[in-house]
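To keep things clear, I will list the structure first and then write my remarks on it.
In the UniProt record's numbering, the protein residues as written are 1 to 182.
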């Protein structure tokens, strides 16, 4: 079995929700705004990192995300992201690389996608980008990362791809006016 972090996390958070979504393939009729905004932002980040132009990115995102308001919010957040990190930001070694790692002494594997593999001052880092709303606080987001296993998944994944990350760098983009990056 290949286990990705989303399934692992969903199972531990709410087993019934896991069963409905992953085993019975049931999902809400209307996609969640915040999820759609996050998907749109990540697609923009991935396509931009891979050298796509703005117009092409818009078309590709519109194919994947139906919520026009979520796309507009993601565009504002992404424009702020580019002002802060492009071109003086970290070197992006890989954008959205997929990994598969055989667990030791087990027939099972973990798999997933990593947002970015970065190089900062000659050192490699796993880059994780999150989007959130203005009701969240830096303290709340920081506490969540202290208890989640996602960092371990991604660090193992980066090592499985041959990288030698020093750690995980989490950057959070807050939907506010103007957007904020923690």
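From the three backbone atoms N, C-alpha and C, an ideal C-beta is built for every residue, glycine too.
Compute the Euclidean distance between the alpha carbons of residue 107 and residue 9, then round it to the nearest angstrom. Along the chain shown, one-based indexing puts residue 107 at 107. Along the chain shown, one-based indexing puts residue 9 at 9. Going by the C-alpha atoms only, they are around 20 angstroms apart.
Going along the chain, which residues of its own chain have a beta-carbon closer than 7 angstroms to the beta-carbon of residue 43, five neighbours each way excluded? For the purposes of this step, residue 43 is identified with residue 43 of the chain shown, where counting begins at 1. 60, 61 and 64.
Could you have a look at residue 98 and say whether DSSP puts it in helix, strand or coil? The residue you call residue 98 lines up with position 98 of the chain shown. Residue state, collapsed to three classes: strand.
Roughly how many angstroms lie between the CA atoms of residue 52 and residue 103, to the nearest whole one? Position 52 of the chain shown, counting from 1, holds the residue named residue 52. Position 103 of the chain shown, counting from 1, holds the residue named residue 103. Going from the Cα of residue 52 to the Cα of residue 103 covers about 35 angstroms.
Mapping DSSP to helix, strand and coil, what is residue 58? Counting from 1 along the chain shown, the entry for residue 58 is found at position 58. Correct three-state label for residue 58: helix.
Counting along the chain, where does the beta strand (DSSP E) carrying residue 126 start and finish? The sequence position of residue 126 within the chain shown is 126, counting from 1. From DSSP, the beta strand (DSSP E) with residue 126 extends over 123-133.
Could you give the residue range of the alpha helix (DSSP H) that holds residue 157? Sequence index remark: in the chain shown, residue 157 carries index 157 (1-based). 150-160 is the span of the alpha helix (DSSP H), which, as asked, contains residue 157.
Is residue 24 helix, strand or coil when you go by DSSP? Residue 24 sits at position 24 when you count from the first residue of the chain shown. DSSP places residue 24 in coil when its eight states are reduced to three.
Is the CB-CB distance between residue 5 and residue 164 below 9 angstroms? Mapped onto the chain shown, residue 5 falls at position 5. Mapped onto the chain shown, residue 164 falls at position 164. The answer is no: Cβ separation not under 9 angstroms.
If we ignore side chains and look at the alpha-carbon of each, how far apart do residue 112 and residue 54 end up? As a working mapping, residue 112 is identified with position 112 in the chain shown. As a working mapping, residue 54 is identified with position 54 in the chain shown. In a straight line, the C-alpha of residue 112 is about 27 angstroms away from that of residue 54.
Taking the beta carbon of residue 116 as the centre, do at least 16 other beta carbons fall within 10 Å, making it buried, or is it exposed? For this step, residue 116 is matched to residue 116 along the chain shown. It is buried - the Cβ of residue 116 has at least 16 other Cβ atoms within 10 Å.
Candidates 160, 37, 84 and 93, of which the one nearest residue 171 by Cα: Counting from 1 along the chain shown, the entry for residue 171 is found at position 171. Residue 84 is the option with its Cα nearest to residue 171.
For residue 80 and residue 174, the rounded distance between their alpha carbons: Reading the chain shown from its first residue, position 174 is the one you call residue 174. Reading the chain shown from its first residue, position 80 is the one you call residue 80. If you take the alpha carbons of residue 174 and residue 80, they lie about 10 angstroms apart.
Short check: CB of residue 127 to CB of residue 169, under 9 angstroms? The residue given as residue 127 occupies position 127 in the chain shown. The residue given as residue 169 occupies position 169 in the chain shown. Yes, the pair counts as a contact, with Cβ atoms nearer than the cut-off.
Anticipated Cβ contact below 8 angstroms, residue 153 with residue 92, distance rounded: On the chain shown, position 153 is the one that residue 153 refers to. On the chain shown, position 92 is the one that residue 92 refers to. No, residue 153 and residue 92 are not in contact; Cβ-Cβ is about 20 angstroms, not under 8 angstroms.
Can you check whether the CB of residue 97 is closer than 9 angstroms to the CB of residue 161? Translated into the one-based positions of the chain shown, residue 161 becomes position 161. Translated into the one-based positions of the chain shown, residue 97 becomes position 97. For residue 161 and residue 97, yes; Cβs fall inside 9 angstroms.
Which term fits residue 139, buried or exposed, when burial requires 16 or more other beta carbons within 10 angstroms of its beta carbon? Along the chain shown, read from residue 1 onward, the residue named residue 139 stands at position 139. With fewer than 16 Cβ atoms within 10 Å of its Cβ, residue 139 is classed as exposed.
Residues that residue 116 bridges to, as DSSP identifies them: Taking the first residue of the chain shown as 1, we reach residue 116 at position 116. Paired residue(s): 95 and 127.
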